[in-house]
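Each residue of the sequence shown is one higher than the last, beginning at 25 in the numbering used here.
Backbone N, C-alpha and C define an ideal beta-carbon position, used for all residues, glycine too.
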Amino acid sequence: MTAELTDANAIGAGVTGQDAVVSTLGPRPGAGGSVCADGARAIMTAMRATATRRLIVVTASGHIVDEGDGPLNRALVKPLLRRLLREGFADFARTDEAVLSSGLDWTIMRPPRLTDGERRPYRTAIDRNVRRGITIARADLAHAILAALADPATVGHSISLGY
Numbered sequence: 025m026t027a028e029l030t031d032a033n034a035i036g037a038g039v040t041g042q043d044a045v046v047s048t049l050g051p052r053p054g055a056g057g058s059v060c061a062d063g064a065r066a067i068m069t070a071m072r073a074t075a076t077r078r079l080i081v082v083t084a085s086g087h088i089v090d091e092g093d094g095p096l097n098r099a100l101v102k103p104l105l106r107r108l109l110r111e112g113f114a115d116f117a118r119t120d121e122a123v124l125s126s127g128l129d130w131t132i133m134r135p136p137r138l139t140d141g142e143r144r145p146y147r148t149a150i151d152r153n154v155r156r157g158i159t160i161a162r163a164d165l166a167h168a169i170l171a172a173l174a175d176p177a178t179v180g181h182s183i184s185l186g187y
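Below is the structure:
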């Protein structure tokens, strides 16, 4: 199936009859705009129209500063990342806001910097960042998404992960 990112009707054709939807949209550096938030809104509109309830959305841990971050991350690393990646992080923040208010059975996955590494043991944290979790392999993110889909306890929560 091919659909325009913001065409909820076309997306609805792919969502119809599905148990869950996973969005792994990501911003393109320097492209600006709100690809993730606009796409998530269209997906959620399609889900409501087709009575599909379960949604997992991948954003990032970089735009979130919380108790899971160590002092160096809070004082230096995260402010620097926010400055360098401000457009993408703003898009992720808008996506988070839309998902939180969606009324769907959502889970937000918040990985740190993604790598192409091999699968290995990783740590997760619910509703906060993983301390010293600065990278995660895409394969491990995929594993965590599948685990979250099967775990009703993740509904209504953000899941951060990292090594």
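Own chain residues within Cβ distance below 6 Å of GLY115, not counting five before or after: In the sequence under discussion, the amino acid at residue 115 is Asp, which differs from the Gly named in the question. Answer for ASP115: PRO51, SER58, CYS60 and ALA61, listed in chain order.
With DSSP collapsed to three states, give me the class of MET71. helix
Just list the residues that DSSP pairs ILE158 with in beta bridges. Answer by DSSP bridge pairing: none, since ILE158 is not bridged.
Within 7 Å, strictly: CB atoms of ILE169 and ILE88: no
For GLY127, is the classification buried or exposed, using 16 other Cβ atoms within 10 angstroms of its Cβ as the cut-off for buried? Burial is judged here by how many other beta carbons sit within 10 angstroms of a residue's own beta carbon; GLY127 has fewer than 16 and is exposed.
Whole-angstrom distance between ASP151 and ILE183, CA atom to CA atom: 6 Å
Through-space distance from ALA99 to ALA64, alpha-carbon basis: Each residue's alpha carbon lies about 31 Å from the other.
So if DSSP puts ARG134 in a beta bridge, which residue, or which two residues, is it bridged to? SER184
Let me make sure I understand the geometry here. Which of THR178, LEU185, VAL45 and ASN153 has the alpha-carbon closest to that of ALA163? LEU185
Starting from VAL39, follow the alpha helix (DSSP H) in both directions and report where the run begins and ends. For VAL39, the enclosing alpha helix (DSSP H) begins and ends at 32-39.
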